[in-house]
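Scroll down for the structure; my scribbles are underneath it.
Residue numbers (mature numbering (1 follows the signal peptide of the UniProt record, and there is no 0)): -18 to -1, 1 to 266.
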């Protein structure tokens, strides 16, 4: 293979790689409903990465709702004390990431279980503001119950402007009050992408770049994922750094149904976040 062909291939791969992280969000706003109080603590890293990605993409103002701890019925696999701790950890992941990365002053991060009425009303408000040119994209990063309650309480004519992004059947049918078919029956648009655990639940060492980064913002994101790894309620996170739910946000900011990254990787997340940190540091 001569040098010109090698050069051409190298340029082509460089262009394709750069294009994969192009910020090209669809029209509309985004809402995120996460759990984290269930036995699976991956929403800690998922929350931190999701918020950092929105900020890095310059889309933080389009986030109109964020709630966590949406597992409304206590499971016997997690003790009352451990669940109380998870609520606090999820609130820290939300508020701590938002404060450090900035730009989220317009959002109140709500505890869905402990602030149930306020959470539903907040999501209903976002749904009722939807139009054809300004739809609402809801990221299902946990059980669907909060989404179902909000859809039921919303103006029916607005539901056709709501799209729900999902990536895992374990979330879809884990609700105690609503199953996935119930959500579809409201007439919303289903936006389904592949299981994001494939490339975003990875060996902890793949996030050493964040742990060793000199910027406190990146270190905090890493710390949230590490909190899930050292969790003593479940064993399946041991040795892994998991931000799988953030894959739905990565999909949205890179185009969603118009060519968004359906199977984003840690490398994609790293490129977007470090590019932003480099730019913001150079502006100081």
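Glycine included, each C-beta is placed from N, C-alpha and C at the ideal position.
Within 9 angstroms, strictly: CB atoms of residue i and residue j
i           : j           : result
residue 94  : residue 136 : no
residue 86  : residue 130 : no
residue 298 : residue 149 : One cannot answer for residue 298 here, as it falls past the ends of the chain, which runs -18 to 266.
residue 108 : residue 37  : no
residue 54  : residue 127 : yes
residue 238 : residue 7   : yes
residue 189 : residue 147 : no
residue 29  : residue 227 : yes
residue 123 : residue 16  : yes
Chain B contact for residue i (CB, 9 angstroms cutoff)
i          : result
residue 53 : Although the question refers to chain B, the structure presented lacks it and comprises just one protein chain.
Assigned exposure category for residue i - 16 Cβ within 10 Å defines buried
i           : result
residue 166 : exposed
residue 19  : buried
residue 220 : exposed
residue 246 : buried
residue 183 : buried
residue 257 : exposed
residue 218 : exposed
One or two residues paired with residue i in a DSSP bridge
i           : result
residue 215 : Answer is none; residue 215 lacks a bridge partner.
residue 122 : 15
residue 50  : 93
residue 224 : 183
residue 45  : 12
residue 174 : 148
Backbone CA spacing between residue i and residue j [nearest angstrom]
i           : j           : result
residue 248 : residue 110 : 35 angstroms
residue 69  : residue 142 : 33 angstroms
residue 163 : residue 178 : 21 angstroms
residue 57  : residue 230 : 26 angstroms
residue 151 : residue 74  : 27 angstroms
residue -8  : residue 4   : Confidence in residue -8 is poor, its pLDDT being 39 and thus under 50, which makes the residue's placement unreliable; the coordinate value appears in the next sentence. Approximately 17 angstroms, taken between the alpha carbons.
residue 243 : residue 233 : 5 angstroms
residue -1  : residue 261 : Note that residue -1 has pLDDT 43, beneath the 50 cutoff, so the model's placement of it is unreliable and the number below is only indicative. Rounded to the nearest angstrom, the two C-alpha atoms are 16 angstroms apart.
residue 213 : residue 14  : 23 angstroms
residue 140 : residue 46  : 16 angstroms
residue 223 : residue 208 : 7 angstroms
Cβ-Cβ separation, residue j to residue i (assumed contact under 8 angstroms), whole Å
i           : j           : result
residue 125 : residue 156 : 5 angstroms
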